[in-house]
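Asks: If you're matching positions, the sequence shown starts at 6 in this note's numbering and goes up one per residue.
For glycine and all other residues, C-beta sits at the position ideal for the given N, C-alpha and C.
Before I ask anything, here is the structure I am working with.
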Amino acid sequence: GLLTFVDGGHSGGVESHEGVFETNQLLRRESNHGAVQRAQAAAAKARALSM
6 GLLTFVDGGH
16 SGGVESHEGV
26 FETNQLLRRE
36 SNHGAVQRAQ
46 AAAAKARALS
56 M
């Protein structure tokens with residue numbers, strides 16, 4: 006599963022992170038920016054394959 010959470014409490018801070026969960030344990034945290042970059046790269050590859 007994937008969970009997006011805000012660093013610095015529940016009040017809506019600026020820095021958000023992605024977390025990957027497996028069997029109710031957080032496996033890794035990473036910056037939201039990195040997750041967005043990977044998603045954009047995957048979308049670009051998918052578009053290239055569909056042409």
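If I measure Cβ to Cβ from S16 and keep anything under 6 Å in the same chain, skipping five residues before and after, which residues do I get?
Replies: As a working mapping, residue 16 is identified with position 11 in the sequence shown. Residue placement at S16 is poorly supported in this model, since its pLDDT is 42, which falls under 50; the coordinates still yield a value, given next. Once the five neighbours on either side are set aside, S16 has no close Cβ partner at all.
Asks: N29 to E35, Cα distance in whole Å?
Replies: Taking the sequence shown and counting its residues from 1, the one referred to as residue 29 is at position 24. Taking the sequence shown and counting its residues from 1, the one referred to as residue 35 is at position 30. If you take the alpha carbons of N29 and E35, they lie about 17 Å apart.
Asks: Hey, quick one: how far does the alpha helix (DSSP H) through N29 stretch, first residue to last?
Replies: Residue numbering aside, residue 29 sits at position 24 when the sequence shown is read from its first letter. Counting along the chain, N29 falls outside any alpha helix (DSSP H), and DSSP gives it neither H nor E.
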